[in-house]
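Structure first, commentary second.
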Amino acid sequence: RGVIGQSGAEAVVLLMSQRPDSTISNRHWIFDDLNAAETRCVTEYVKKVRPGTYSSMYNKDPQLDFISGAAAVELYQPSKSAALDYINGLTSSPPPRFARVTVVRGSQTP
17 RGVIGQSGAE AVVLLMSQRP DSTISNRHWI FDDLNAAETR CVTEYVKKVR PGTYSSMYNK
77 DPQLDFISGA AAVELYQPSK SAALDYINGL TSSPPPRFAR VTVVRGSQTP
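Here it is in structure tokens:
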């Protein structure tokens, strides 16, 4: 996993987890929400590459950075062409899964 792009308080993180598929009809999993393990993995990665970032705003100083909100870690959808190629069986390799992470940057002044 690694940060692919960053804009303001958002970062896109590549997830290295791949899910097995046995048939073309089972390939729609690429649009599934992130599971708990993927979300934890992304959260731990962000805390590692952004020291001082916490995974919760509770019991923390508002001057610290934290990952917060229902959509703070969410799936970043694959490109349409890559998704269609995989779903239609034109490629056996699923598109990479990415996560978008939103960090409240309490350490920054407006």
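Just so we're aligned: 56 in this note's numbering is position 40 of the sequence shown, and the numbers increase by one with no gaps anywhere.
Just so you know, even glycine gets a beta-carbon here, dropped at the ideal spot from N, CA and C.
Cutoff 7 angstroms; reference T55; Cβ partners in own chain excluding five residues on either side: V89
Residue closest to P110, alpha-carbon to alpha-carbon, out of D101, A52 and T69: D101
Close Cβ partners of A99 (< 8 angstroms) along its chain, the five nearest in sequence each way excluded: I46, F47, Q93 and P111
I103 - containing alpha helix (DSSP H), residue span: K96 to I103
Nearest-angstrom Cα separation, counted from F82 out to K63: 9 angstroms
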